[in-house]
Amino acid sequence: MRGNSFRLLRTAALRPQPRKPACSLPQYGIRWSSSSAERQWSTPLAKSLAKAIETTGPISVAAYMRQCLTSPDGGYYTRQTPGHDQFGAKGDFITSPEISQVFGELVGIWLYTEWLAQGKSDRVQVIEVGPGRGTLLDDVLRTISSFKGFAQSIEAIYLVEASPHLRSQQAKLLSGTEAVLQETDLGWKARSKHIPGCDIHWCEDIRFIPKESSPTPFILAHEFFDALPIHIFRAVPHSHIPASSTTLTPTGPLKPKRGPSSEPSPQWHELLVAPVTASSTTTTTFSTSSTAPPPSAVDDFHLTLSKAPTPHSLYLPRTSARYEALATTPDATIEISPESLSYIADFAVRIGGANPPPSPTPTTPSTTLSSPQAQPPSGCALILDYGPATTIPAATLRGIRSHHATSPFASAGLVDLSADVDFVALAEAALAASPGVEVHGPVQQADFLESLGIGERVAGLVRGKGKSGGKEEEEEMVRRIEGGWKRLVDRGPAGMGRIYKAMAVVPHREGVKGVRRPVGFGGDVV
Ligand code: SAH
Numbered sequence: 001m002r003g004n005s006f007r008l009l010r011t012a013a014l015r016p017q018p019r020k021p022a023c024s025l026p027q028y029g030i031r032w033s034s035s036s037a038e039r040q041w042s043t044p045l046a047k048s049l050a051k052a053i054e055t056t057g058p059i060s061v062a063a064y065m066r067q068c069l070t071s072p073d074g075g076y077y078t079r080q081t082p083g084h085d086q087f088g089a090k091g092d093f094i095t096s097p098e099i100s101q102v103f104g105e106l107v108g109i110w111l112y113t114e115w116l117a118q119g120k121s122d123r124v125q126v127i128e129v130g131p132g133r134g135t136l137l138d139d140v141l142r143t144i145s146s147f148k149g150f151a152q153s154i155e156a157i158y159l160v161e162a163s164p165h166l167r168s169q170q171a172k173l174l175s176g177t178e179a180v181l182q183e184t185d186l187g188w189k190a191r192s193k194h195i196p197g198c199d200i201h202w203c204e205d206i207r208f209i210p211k212e213s214s215p216t217p218f219i220l221a222h223e224f225f226d227a228l229p230i231h232i233f234r235a236v237p238h239s240h241i242p243a244s245s246t247t248l249t250p251t252g253p254l255k256p257k258r259g260p261s262s263e264p265s266p267q268w269h270e271l272l273v274a275p276v277t278a279s280s281t282t283t284t285t286f287s288t289s290s291t292a293p294p295p296s297a298v299d300d301f302h303l304t305l306s307k308a309p310t311p312h313s314l315y316l317p318r319t320s321a322r323y324e325a326l327a328t329t330p331d332a333t334i335e336i337s338p339e340s341l342s343y344i345a346d347f348a349v350r351i352g353g354a355n356p357p358p359s360p361t362p363t364t365p366s367t368t369l370s371s372p373q374a375q376p377p378s379g380c381a382l383i384l385d386y387g388p389a390t391t392i393p394a395a396t397l398r399g400i401r402s403h404h405a406t407s408p409f410a411s412a413g414l415v416d417l418s419a420d421v422d423f424v425a426l427a428e429a430a431l432a433a434s435p436g437v438e439v440h441g442p443v444q445q446a447d448f449l450e451s452l453g454i455g456e457r458v459a460g461l462v463r464g465k466g467k468s469g470g471k472e473e474e475e476e477m478v479r480r481i482e483g484g485w486k487r488l489v490d491r492g493p494a495g496m497g498r499i500y501k502a503m504a505v506v507p508h509r510e511g512v513k514g515v516r517r518p519v520g521f522g523g524d525v526v
């Protein structure tokens, strides 16, 4: 059993929408060096971001998050600081697989139940996006290795990882301490220590993993989506964006959709990131959260409401009726992560095949609604993360450092940034991307783990603990095993069992009577 604390979360996202307007705050203190008139920034990354913004103007929260998390020059996941690890008691946060080995074991069992329910495919690939230290996959593969038929069906394992440093850690754990990573066309590879003869491949984006004639995909995403960049929009019912204003986009100039007059009308404005200046007042996303820290005097950046439309504000808030419904609610705030939507769409297409191309002759009724893929839908994706079950996240961008909530706008690259996952948006995107999938959940993590038998597995571990040593050691081990279990299924207001959710994407089998529910989502082992 491992660790004793968990990744900090805010409960703000669970509150009903719409949110209260963000407040304006007093001026910030800006740091200047004593010896020169040069402004001081908290990190080199903050300085280079500020310099870039001087040229481009304020940037989207998504662009800011992307740089802070995965910039090759000092991003949170991509930098390597000797002696510093993001994960664990001495790091910044701890995740479920790091708390208890039982978590990964149950995820392995879940994959096995899907393999059984879907007819025991003899060609399987396992894909994990954002594997961290590799702990989850290590426990998953160790568990799968005891189901011989399933283990033998695994042809390849793919890991999508942005961080070279975490990639090495994963290779050590999953391949053995002496793991040597070989470069390949895709990225890198090494042998799996759990699945004999099977290679583990690393790449930096899921799009690099071949789709055509691939084995059945079994996909895992644990605390990955919360790390993907978000855009934040605010509804301004009486927007004064002039009718004549244009926005430059990569595909050319765009005019906002509105009437010919310059009368005020409802518009989504994007919240952008700009450096703090002596005269800055800020629009903050923190003002509605009781657990959030107040904006700090050392912030390098702040949020500011765009005065004109941005390419994203013209498009993203129009992509779902859920957003449209809030467009006239003063100061309603919504977070949208297009990168998350393209990841889940990619999962769905791998499992269920792509949508058929639109018919060239709309008057001719379409003869087939099925996807053009050769194989029938097969495989599954399990998404485990935190966020509200039904509402749209708002005001959930957070910084985490040394197990404490901190401002996302100070110490760029030294602070983990994350935002709540919009599960309904993920489900909508999966269903829109493929006619061959269905989505189950989200369900609370506690319900998911309990229906997979976490209580029984923990009792088994406790019974087996006596073999390991003396009485004191034994008591300590029982305490840790049981402590980890309780933490994972804690249904208290800020408990992991309630805040973390599980969602599954599985094949939609036409003609099958009734819906087959996966285990953990109301179904039984088949
Ligand atoms: N699943 C692990 C780690 C979660 S932290 C666990 O639960 O313990 C997020 C992980 O996603 C890290 O491995 C990080 O390096 C990776 N990551 C973050 N953004 C990414 C991106 N844009 N592309 C690929 N990997 C990314």
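If you read the sequence shown in the UniProt record's numbering, its first letter stands for residue 1, the second for the next number, and so on.
Beta carbons are placed, not taken as given, at the ideal position from N, Cα and C, and that holds for glycine.
Note to self: Closer than 7 Å to a non-hydrogen atom of the ligand SAH - does that hold for the CB of A162?
What the structure shows: yes
Margin query: So, with DSSP's three-state summary, where would you put Q267?
Written below: strand
Next item on the list: Leaving out five residues on either side along the sequence, give the residues of the same chain with a beta carbon under 6 Å from the beta carbon of G187.
Entry: W202 and C203
Next item on the list: Below 6 Å CB to CB, which residues in the same chain sit around L426 once its five sequence neighbours on both sides are set aside?
Entry: I344
Notebook entry, point to check: Closest Cβ-Cβ distance between A235 and chain D: below 8 Å?
Noted result: Note that chain D does not occur in the displayed structure, where there is just one protein chain.
Next item on the list: Provide the residue span of the beta strand (DSSP E) that contains D422, from first to last.
Entry: According to the DSSP assignment, D422 belongs to no beta strand (DSSP E), since it is labelled neither H nor E.
Check: Can we count H84 as close to the ligand SAH, meaning its CB is less than 7 Å from some heavy atom?
Finding: No.
Margin query: Let me check one thing: in DSSP terms, what residues is Q80 bridge-paired to?
Written below: In DSSP, Q80 forms no bridge with anything.
Checklist line | 6 Å CB neighbourhood of F224 in its chain, flanking five on each side removed | finding: V129 and G130
Note to self: Once the 5 residues before and after R401 are set aside, which same chain residues still bring their CB inside 8 Å of it?
What the structure shows: So the list reads D92, S411, L414, V415 and D416, once near-sequence residues are dropped.
Notebook entry, point to check: What is the DSSP secondary structure of L369, counted as helix, strand or coil?
Noted result: In this predicted model, L369 has a pLDDT of only 43, less than 50, meaning its place in the structure is not dependable enough to derive any value.
Next item on the list: Have a look at R7 and G74 and give me their C-alpha separation to the nearest angstrom.
Entry: Interpretation of R7 is limited by its pLDDT of 40, a score under 50 that renders its predicted location unreliable; no figure is taken from the coordinates.
Check: Quick one: is the Cβ of Y77 within less than 7 Å of any heavy atom of the ligand FMN?
Finding: Looking at this structure, you won't find the ligand FMN anywhere; what it does contain is the ligand SAH.
Notebook entry, point to check: Looking at C-alpha atoms only, which residue of H194, R133, E155 and R142 is the closest neighbour of P164?
Noted result: R133
Next item on the list: Please name the residue in P507, G149, M477 and R457 whose C-alpha comes closest to that of V437.
Entry: P507
Checklist line | Residue environment, S313, which counts as buried when at least 16 other CB atoms sit within 10 Å | finding: buried
Next item on the list: Can you say whether A419 is buried or exposed, counting buried as having 16 or more other CB atoms within 10 angstroms of its CB?
Entry: Around the beta carbon of A419, 16 or more other beta carbons sit within 10 angstroms, so the residue counts as buried.
Checklist line | Given 8 Å, three or more beta-carbon pairs between the stretch 119–128 and the stretch 78–95 | finding: no
Notebook entry, point to check: Is the stretch 154–163 in contact with the stretch 76–86, if contact means three or more CB pairs nearer than 8 Å?
Noted result: yes
Checklist line | C-alpha distance - V236 paired with I53, whole-angstrom precision | finding: 25 Å
Next item on the list: Mind listing, in chain order, the continuous beta strand (DSSP E) runs of no fewer than 3 residues lying wholly within the stretch 478–507?
Entry: 500–507
Notebook entry, point to check: What number of angstroms, rounded off, separates the C-alpha of E474 from the C-alpha of Q101?
Noted result: 17 Å
Check: Can you find a heavy atom of the ligand SAH that lies under 7 Å from the Cβ of T95?
Finding: yes
Item checked: Element boundaries [beta strand (DSSP E), containing P237] -> H231 to S239
Checklist line | C-beta atoms of A504 and H440 nearer than 8 Å | finding: For A504 and H440, yes; Cβs fall inside 8 Å.
Margin query: Is it buried or exposed, D122, if we count other Cβ atoms within 10 angstroms and call 16 or more buried?
Written below: By the neighbour-count rule (16 or more Cβ atoms within 10 Å), D122 is not buried but exposed.
Next item on the list: Specify whether the stretch 263–280 and the stretch 300–309 touch according to this definition: at least 3 beta carbon pairs, one from each stretch, less than 8 Å apart.
Entry: Contact holds: three or more Cβ-Cβ distances are below 8 Å.
Check: If you follow the beta strand (DSSP E) that L137 is part of, which residue opens it and which one closes it?
Finding: Run containing L137: none in the beta strand (DSSP E); it sits in the alpha helix (DSSP H), T135 to I144.
Checklist line | Residue burial classification, R350 (beta-carbon count within 10 angstroms, cutoff 16) | finding: buried
Notebook entry, point to check: Do you know offhand how far V525's Cα is from S265's?
Noted result: 54 Å
Checklist line | Distance between A278 and I383 (C-alpha atoms, nearest Å) | finding: 43 Å
Check: Any heavy atom of the ligand SAH within a distance shorter than 7 Å of the CB on P518?
Finding: Not so, every heavy atom of the ligand SAH lies at least 7 Å from the Cβ.
Notebook entry, point to check: For S359, does the count of other Cβ atoms within 10 angstroms reach 16, so buried, or fall short, so exposed?
Noted result: exposed
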